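See structure below.
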Amino acid sequence: GPKQHTITKFFQKL
Amino acid sequence: MFELRLVQGSLLKKVLESIKDLVNDANFDCSSTGFSLQAMDSSHVALVALLLRSEGFEHYRCDRNLTMGMNLANMAKMLKCAGNDDIITIKADDGTDTVTFMFESPSQDKISDFEMKLMDIDSEHLGIPEAEYEAIIRMPSAEFARICRDLSSIGDTVVISVTKEGVRFSARGDIGAANIVCRQNATVDKPEDATIIEMQEPVTLTFALRYMNSFTKATPLAEQVTISMSSDLPVVVEYKVAGMGYIRYYLAPKIEE
Chain A
37 GPKQHTITKF FQKL
Chain B
888 MFELRLVQGS LLKKVLESIK DLVNDANFDC SSTGFSLQAM DSSHVALVAL LLRSEGFEHY
948 RCDRNLTMGM NLANMAKMLK CAGNDDIITI KADDGTDTVT FMFESPSQDK ISDFEMKLMD
1008 IDSEHLGIPE AEYEAIIRMP SAEFARICRD LSSIGDTVVI SVTKEGVRFS ARGDIGAANI
1068 VCRQNATVDK PEDATIIEMQ EPVTLTFALR YMNSFTKATP LAEQVTISMS SDLPVVVEYK
1128 VAGMGYIRYY LAPKIEE
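Note that the protein sequences, when read in sequence, are chains A and B. Last residue of the first sequence: 50 in our numbering, with the numbers rising by one and none dropped. Last residue of the second sequence: 1144 in our numbering, with the numbers rising by one and none dropped.
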């Protein structure tokens, strides 16, 4: 099935 | 020092109820802009961003920027001790490791204060890029909560698909499958009952229902919810906080490898 991604993959750490 | 006073204290109680199951510990940022928070859940799949603007409070004083680390379950325990009609004041002096919550009954005949220890929390701030979303759905928040709850009895994930027909929520599991389609409906007596779908491009995304259900804890805050989606980007589920700001939940999609 589809894989759960993390939010940090999309939003960069400041 | 930092001090805020909110006559409609129930708003703060509702805000805490909306985030405490998703996030354990979080840093509240106090600045002249307002009282805000950004935090991820422990598995870093979802992020919550809260903003309560300073103008929304009856009194707001912030002499210098301050970060207050709090255990949200403990903070919720304390705010539960405030009556729904109580006025809530939050105070912190510079250089102390405690925060005080003060609750005043509307007739001023009962005044309580609760002091809570602050914590040092190592948290990372993420930069949330401004995005033009391919589809934006505005719908009654209670309807969205109902859909998430109903679909979780069928499966663990929801596929949200926006086309010119409307928005389709689908789930599938061992016992079968479910599809719920909501069409645009702007011709309602009350604006809070409307469903409005703005679509630039058709978009289909898959999400874990467990998180969506957790977001719907914010339903008592706002009659309407806004769901913003773009392909291969986290969804944004936003609840306005009565003229003061918002709670935005960001949830990373599940993507076929």
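Ideal Cβ positions, reconstructed from N, Cα and C, are used throughout, including at glycine. The structure presented is a predicted model; accordingly, all values stated were derived computationally and were not measured.
Neighbourhood of residue i by C-beta, 6 Å cutoff - its chain only, sequence neighbours within 5 removed
| i | result |
| --- | --- |
| residue 1031 of chain B | 1112 |
| residue 1115 of chain B | 1020, 1023, 1123 |
| residue 901 of chain B | 1107, 1108 |
| residue 1046 of chain B | 1057, 1093 |
C-beta contact flag for residue i and residue j at 8 Å
| i | j | result |
| --- | --- | --- |
| residue 1021 of chain B | residue 1090 of chain B | yes |
| residue 966 of chain B | residue 1039 of chain B | no |
| residue 926 of chain B | residue 42 of chain A | no |
| residue 47 of chain A | residue 1014 of chain B | yes |
| residue 1027 of chain B | residue 1080 of chain B | yes |
| residue 1053 of chain B | residue 973 of chain B | no |
| residue 1074 of chain B | residue 1025 of chain B | no |
Cβ-based neighbour list, residue i, same chain, cut-off 8 Å, excluding 5 preceding and 5 following
| i | result |
| --- | --- |
| residue 986 of chain B | 955, 957, 977, 978, 979, 1002, 1003, 1005 |
| residue 959 of chain B | 903, 906, 907, 910, 911, 912, 913 |
Pairwise C-alpha distance: residue j and residue i
| i | j | result |
| --- | --- | --- |
| residue 952 of chain B | residue 969 of chain B | 26 Å |
| residue 898 of chain B | residue 1041 of chain B | 33 Å |
| residue 1029 of chain B | residue 1078 of chain B | 14 Å |
| residue 945 of chain B | residue 888 of chain B | 17 Å |
| residue 891 of chain B | residue 1011 of chain B | 25 Å |
| residue 1130 of chain B | residue 1037 of chain B | 30 Å |
| residue 998 of chain B | residue 971 of chain B | 14 Å |
| residue 964 of chain B | residue 915 of chain B | 17 Å |
Proximal residues to residue i (C-beta, below 7 Å), its chain only, five neighbours per side dropped
| i | result |
| --- | --- |
| residue 1117 of chain B | 1018, 1020, 1021, 1090 |
| residue 921 of chain B | 938, 939, 940, 941, 1132 |
| residue 1120 of chain B | 1018 |
Which runs of the alpha helix (DSSP H) at least 4 residues long sit entirely within the stretch 950-1035 of chain B? Give them in chain order. 959-967
I want to know whether the stretch 1103-1119 of chain B touches the stretch 1061-1070 of chain B - three or more CB-CB distances under 8 Å. no
Below 8 Å, how does it come out for the stretch 1087-1107 of chain B and the stretch 925-937 of chain B: are there three or more Cβ pairs, yes or no? The stretch 925-937 of chain B and the stretch 1087-1107 of chain B touch, with three or more beta-carbon pairs separated by less than 8 Å.
- Task: Kindly provide the ranges of any beta strand (DSSP E) runs that are 3 or more residues long and lie completely inside the stretch 924-949 of chain B, ordered along the chain.
- Result: Complete beta strand (DSSP E) runs here, min 3: 933-940, 946-949.
List, from N- to C-terminal side, the alpha helix (DSSP H) runs of 4 residues or more that fit wholly inside the stretch 1071-1129 of chain B. 1096-1102
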